[in-house]
Amino acid sequence: MSLGYGGSCKRELEDENMIIYSYSSYNLNEEQFRNSDRIYDGTITINKSCLIEAEIHEKIKKMPNGRKKLIVKRIPKSIDIFEMIAQGQIQIGNSKNTWKMLQSFDYIAISLCKIIFHEYQLNGILPEKCSYNV
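Oh and the sequence shown: position 66 is 65 in numbering that gives the first Met the number 0, straight run, nothing missing.
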């Protein structure tokens, strides 16, 4: 069962130094924050220098047919989003539909940042789009 709030983001601009996402947030439980049109009016700007690579674990596994196979596993690292904001590596322009704040930043934008960094660590590429729904 959904709690009725969430958001999504899409990549707008990327160069060799930074990436800019626009995002929207909504809360279906409160009329003024429903954002029925899903307007992307918030921004998330990430400096590429703060992107952290995942730990890579490799092991050789014996397969049932007797052959050996190299297994590569990417282990995501924990990221402190608020520390990166304090250092200026991440900038957030809150959406007008912000209904819950964490240290003066939109709760949904912080959650979307965590998803972006997690996807980057798992796949090695920045996602084109991502969403967060609760």
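Glycine residues also receive a C-beta, built at the ideal position from the N, C-alpha and C atoms. None of these values were measured; they are calculated from a predicted model.
The beta carbons of Ile114 and Tyr131 sit closer together than 8 Å. When DSSP reads this structure, Ser21 sits in a beta bridge with Lys9, Thr42. In the three-state reduction of the DSSP assignment, Ser48 falls in the helix class. Taking 3 residues as the shortest admissible run, the stretch 66 to 129 contains the following complete beta strand (DSSP E) segments, listed from N- to C-terminal end: 67 to 74, 89 to 92.
In chain order, Asn46, Cys49 place their CB closer than 6 Å to the CB of Gln88, counting only its own chain and leaving out the 5 sequence neighbours on each side.
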